[in-house]
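Engineer: Residue numbers for the sequence shown follow this note's numbering, beginning at 104 and rising by one.
For each residue, glycine too, the CB sits at the ideal point set by N, CA and C.
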Amino acid sequence: MKKVRFEKEIEQENIEKIIKWTNEEGSKFLEQWAGRGFSFPFDEMQFEKINKNMYSIFIEEHFIGIIREISKENNAVHIGNFMLSPDITGRGIGKIVLSEFCKNIFEKTSTEKITLNVFEYNDRAIKVYENIGFKIKENIKGEDGKTLIKMELIK
104 MKKVRFEKEI EQENIEKIIK WTNEEGSKFL EQWAGRGFSF PFDEMQFEKI NKNMYSIFIE
164 EHFIGIIREI SKENNAVHIG NFMLSPDITG RGIGKIVLSE FCKNIFEKTS TEKITLNVFE
224 YNDRAIKVYE NIGFKIKENI KGEDGKTLIK MELIK
């Protein structure tokens, strides 16, 4: 596997790729990586609502996706908005990328716990998270009938 790196901020051309990938994959894909509260088709105005503490993900010089530190509180970091190019999913790259991102958080900060949320129907993502060491902490049924799973990884 080539070197994975993370860069704070996202260049305009990569924002356009995120929007393109999302709109090609459909509304369920949008909900999986962005969460509730976005309308399809996705656009730059909607992206700007979540473009805070966002990291670009690269393998070598190739932009492959995004991940975000949503909040920090009491030695815990909540991450989300993790999305990889649909062209590279299903090959174990998500596990490598997320493992490296979590390792960086633990090594470079006083963080003791990393949390994330995932929809219950997103089996592939849940499997990746569990393989990294995340444990299910809570299931929350939404008003829309969909269950959100809260997971955590302890240092």
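1) The beta strand (DSSP E) that contains GLU110, what's its start and end?
2) Quick one: using the 10 Å Cβ neighbour count with 16 as the cut-off for buried, is ARG171 buried or exposed?
3) Please state if the CB of GLY183 and the CB of LEU133 are separated by a distance shorter than 9 Å.
4) Name the two residues that bound the continuous beta strand (DSSP E) containing SER159.
5) Residues in the same chain with beta-carbon distance under 6 Å from ASN154, minus the five sequence neighbours each way, listed in chain order, please.
6) Quick one: does ASN177 have its CB under 9 Å from some CB of chain B?
7) In angstroms with no decimal places, state the Cα-to-Cα distance between SER130 and THR250.
8) If we require 4 or more residues per run, which alpha helix (DSSP H) segments fall completely within the region 220-257?
9) Determine the closest residue to ILE160 out of GLY138, LYS240 and ASN117, with distance taken between C-alpha atoms.
10) From the DSSP output, read off the bridge partner residues of LYS216.
Structural biologist: According to the structure data:
1) Along the sequence shown, read from residue 1 onward, the residue named residue 110 stands at position 7. It spans 107-111 - the beta strand (DSSP E) in which GLU110 sits, taken as one unbroken run.
2) Residue mapping note: residue 171 aligns to position 68 of the sequence shown, counting from 1. Buried, because 16 or more other Cβ atoms sit within 10 Å of the Cβ of ARG171.
3) As a first step, residue 133 is located in the sequence shown; it is residue number 30 there, counting from the start. As a first step, residue 183 is located in the sequence shown; it is residue number 80 there, counting from the start. Cβ atoms of LEU133 and GLY183: not closer than 9 Å.
4) Start at 1 with the first residue of the sequence shown, and residue 159 comes out as number 56. 157-162 is the extent of the beta strand (DSSP E) around SER159.
5) Along the sequence shown, read from residue 1 onward, the residue named residue 154 stands at position 51. Counting only Cβ-Cβ distances below 6 Å, and skipping sequence neighbours, we find nothing.
6) Of the chains in the structure shown, none is chain B; there is only one protein chain.
7) Position 27 of the sequence shown, counting from 1, holds the residue named residue 130. Position 147 of the sequence shown, counting from 1, holds the residue named residue 250. Rounded to whole angstroms, SER130 to THR250 spans 17 Å at the Cα level.
8) 226-235
9) Locating residue 160 in the sequence shown gives position 57, where the first residue counts as 1. Closest by alpha carbon: ASN117.
10) On the sequence shown, residue 216 is found 113 positions in, with the first residue counted as 1. ALA179 and ILE257, per the DSSP bridge assignment.
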